[in-house]
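Asker: Chains as they are written, first to last, in the UniProt record's numbering: chain C, 1 to 135; chain R, 1 to 194. Even for Gly, the Cβ is constructed at its ideal location relative to N, Cα and C. The structure displayed is predicted, hence computed values, not measured ones. Okay, handing you the structure first.
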Amino acid sequence: MTSTACFIIVSRNDIPIYEAEVGSAAKREDAAQLHQFVLHAALDIVQDLAWTTSAMFLKAIDRFNDLVVSVYVTAGHTRFMLLHDSRNEDGIKSFFQEVHELYIKILLNPLYLPGSRITSSHFDTKVRALARKYL
Amino acid sequence: MIGTGKIKQYANVLDKPLGKGKQEVSLSAFAFLFSELVQYNQTQVDNISELETRLEDAGYAVGARVLELLCHRDKGNRRETRLLGILSFVHSTVWKVLFGKVADSLEKGTEHEDEYMISEKELLVNRFISIPKDMGTFHCGAFVAGIVKGVLENAGFPAVVTAHFVPVEGQQRPRTTILIKFAEEVLRREARLG
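Structure below.
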């Protein structure tokens with residue numbers, strides 16, 4: 001099943017600290033930029049929505065053509081955003097929870113500056129493996 | 001070989017499970033480390049307020065991580081969106097994990113709407129510290145104030161947090177109060193959320 005998906009982690013200060021195209025469809029040149037644009041535009045909506053609920057998973061908050069933006073907000077207001085075309089909400093929720101655990105492990109590193117880019121290749125490998133598993 | 005054993009060695013820290021962690025850490029080890037931290041910073045600065053700022057920054061880094069870890073571990077992935085919620089989170093959960101007991105009291109300031117105080121008879125970090133007379137109002141609790149600031153700011157409640165000695169009649173040693181003054185936007189948002 002081909003699926004397009006773009007995953008971004010945005011820090012509290014609205015700086016993207018991790019990006020990955022995790023879909024299994026063939027990648028087009030302009031698609032990646034369009035995906036990032038849509039995700040950044042959705043940030044405003046997330047900001048308002050985050051204060052209305054104490055849950056972390058915010059489900060689908062925005063649509064663009066047939067692509068849906070789902071967001072997960074952590075306690076430190078780091079946002080995990082996923083642009084996708086699937087309808088598998090439980091899979092997406094589990095994906096977010098697993099990535100959240102990975103993110104906490106990265107954050108616990110005292111030499112990691114919170115809000116800076118995540119450069120660990122191991123983290124990248126694990127996120128892509130999780131994406132293949134859940135999405 | 002003796003000792004090779006049941007503990008699985010993980011190649012990368014990302015593979016290790018988060019788990020509950022060790023519940024207790026040796027107080028003397030911590031006191032030793034903390035005293036070294038203070039002494040090292042003393043050599044780097046020229047005056048007391050810079051020293052307090054450095055301790056606060058050290059605490060801020062701890063606070064940021066403690067917030068994420070505790071919300072994930074102890075609160076089942078629920079964020080705090082209200083002022084009283086985050087204050088009671090700091091007062092009970094954070095204090096319990098860091099110092100083994102909940103804070104002595106949480107009070108709302110009478111003079112200003114945006115001030116809150118967490119009081120403690122004696123902070124754990126100060127137990128083995130004595131301040132020389134010529135350092136005046138310096139308080140090693142600036143480290144704890146930094147932790148609280150880290151938690152509040154990362155949760156979206158920016159605040160100025162300071163530690164003070166408050167003399168109490170009838171007691172020889174003064175009580176410690178962590179004073180939290182929230183920023184304008186926090187109060188506005190609280191009013192908006194109702």
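Are the C-beta atoms of S54 of chain C and some chain R residue less than 7 Å apart?
Answerer: Stepping through the first sequence from its first residue, residue 54 of chain C is reached at position 54. It does: the Cβ of S54 of chain C has a partner Cβ on chain R nearer than 7 Å.
Asker: Helix or strand or just coil, what does DSSP make of D66 of chain C?
Answerer: Taking the first residue of the first sequence as 1, we reach residue 66 of chain C at position 66. D66 of chain C: coil per DSSP, three-state reduction.
Asker: Cutting at 6 Å between CB atoms, please list the residues of its own chain near N154 of chain R, excluding the five before and the five after it.
Answerer: Position 154 of the second sequence, counted from the first residue, corresponds to residue 154 of chain R. Here the set comprises A64, L67.
Asker: Does any CB atom of chain R fall closer than 7 Å to the CB of E89 of chain C?
Answerer: Taking the first residue of the first sequence as 1, we reach residue 89 of chain C at position 89. So no, E89 of chain C is outside the interface.
Asker: Can you list, in chain order, the residues of its chain whose CB lies under 7 Å from that of T81 of chain R, leaving out five sequence neighbours each side?
Answerer: Along the second sequence, one-based indexing puts residue 81 of chain R at 81. So the list is empty, once near-sequence residues are dropped.
Asker: Mind pulling the chain C residues with CB within less than 9 Å of residue 195 of chain R?
Answerer: Nothing about residue 195 of chain R can be read from this structure; chain R reaches only from 1 to 194.
Asker: Give the straight-line distance between the Cα atoms of A142 of chain R and I178 of chain R, rounded to the nearest whole angstrom.
Answerer: To locate residue 142 of chain R, count along the second sequence from 1; it is residue 142. To locate residue 178 of chain R, count along the second sequence from 1; it is residue 178. The straight-line gap from Cα to Cα measures roughly 9 Å.
Asker: How far does the beta strand (DSSP E) with F182 of chain R in it reach, from first residue to last?
Answerer: As a working note, residue 182 of chain R is residue 182 in the second sequence. Looking at the DSSP string, the run of the beta strand (DSSP E) that includes F182 of chain R is 175-182.
Asker: Could you check if A129 of chain C is buried or exposed, using at least 16 other CB atoms within 10 Å of its CB as the buried criterion?
Answerer: Indexing the first sequence from 1 puts residue 129 of chain C at position 129. A129 of chain C should be labelled exposed.
Asker: Thinking C-alpha only, which one of C:Y112, C:L135, C:I17, C:S94 is nearest M56 of chain C?
Answerer: Within the first sequence, residue 56 of chain C is the residue found at index 56, counting from 1. M56 of chain C has its Cα closest to that of C:S94, out of C:Y112, C:L135, C:I17, C:S94.
Asker: Quick check: what's the CA-CA separation for E122 of chain R versus D48 of chain C?
Answerer: In the second sequence, counting from the first residue as 1, residue 122 of chain R sits at position 122. In the first sequence, counting from the first residue as 1, residue 48 of chain C sits at position 48. The straight-line gap from Cα to Cα measures roughly 40 Å.
Asker: Whole angstroms are fine: how far does the CA of A75 of chain C sit from the CA of A20 of chain C?
Answerer: Here the question's residue 20 of chain C lines up with position 20 in the first sequence. Here the question's residue 75 of chain C lines up with position 75 in the first sequence. Between A20 of chain C and A75 of chain C, the C-alpha separation is close to 22 Å.
Asker: Run through chain R and tell me which residues come within less than 8 Å of K105 of chain C, C-beta to C-beta.
Answerer: Locating residue 105 of chain C in the first sequence gives position 105, where the first residue counts as 1. In chain order: V13, L14, K16, L18.
Asker: What residue range is occupied by the uninterrupted beta strand (DSSP E) comprising K133 of chain C?
Answerer: As a working note, residue 133 of chain C is residue 133 in the first sequence. Unbroken run through K133 of chain C is the alpha helix (DSSP H), 121-134; no beta strand (DSSP E).
Asker: What do you get for L55 of chain R, buried or exposed, if any count of 16 or more other CB atoms within 10 angstroms of its CB means buried?
Answerer: Counted from its first residue, the second sequence places residue 55 of chain R at position 55. Buried, since its Cβ has 16 or more Cβ neighbours within 10 Å.
Asker: Are there 16 or more other CB atoms within 10 angstroms of the CB of V166 of chain R, so buried, or fewer, so exposed?
Answerer: As a working note, residue 166 of chain R is residue 166 in the second sequence. Counting Cβ neighbours within 10 Å, V166 of chain R comes out exposed, since fewer than 16 surround it.
Asker: Considering only C-alpha positions, which residue in the set R:F138, R:L187, R:H72 is nearest to K20 of chain R?
Answerer: By 1-based counting over the second sequence, the position of residue 20 of chain R is 20. Measuring from the Cα of K20 of chain R, the nearest candidate turns out to be R:H72.
Asker: With 7 Å as the threshold, decide whether the Cβ of N77 of chain R is near any Cβ in chain C.
Answerer: Here residue 77 of chain R refers to the residue found at position 77 of the second sequence. With 7 Å as the cut-off, N77 of chain R counts as an interface residue toward chain C.
Asker: In three-state DSSP terms, what is M1 of chain C?
Answerer: Numbered from its first residue, the first sequence carries residue 1 of chain C at position 1. With a pLDDT of only 48 at M1 of chain C, under the threshold of 50, the placement of this residue in the model should not be trusted; the figure read from the coordinates follows. M1 of chain C: coil per DSSP, three-state reduction.
Asker: Compare the beta carbon distance of V46 of chain C and V71 of chain C with 7 Å and say whether it is the shorter of the two.
Answerer: Here residue 46 of chain C refers to the residue found at position 46 of the first sequence. Here residue 71 of chain C refers to the residue found at position 71 of the first sequence. Yes, the pair counts as a contact, with Cβ atoms nearer than the cut-off.
Asker: Give the single residue among C:K105, C:Y134, C:S121, C:N109 whose Cα lies nearest to the Cα of D15 of chain R.
Answerer: Taking the second sequence and counting its residues from 1, the one referred to as residue 15 of chain R is at position 15. D15 of chain R has its Cα closest to that of C:K105, out of C:K105, C:Y134, C:S121, C:N109.
Asker: So is D62 of chain C buried or exposed if we call it buried at 16+ other beta carbons inside 10 Å?
Answerer: In the first sequence, residue 62 of chain C corresponds to position 62, counting from 1. With 16 or more other Cβ atoms within 10 Å, it is buried.
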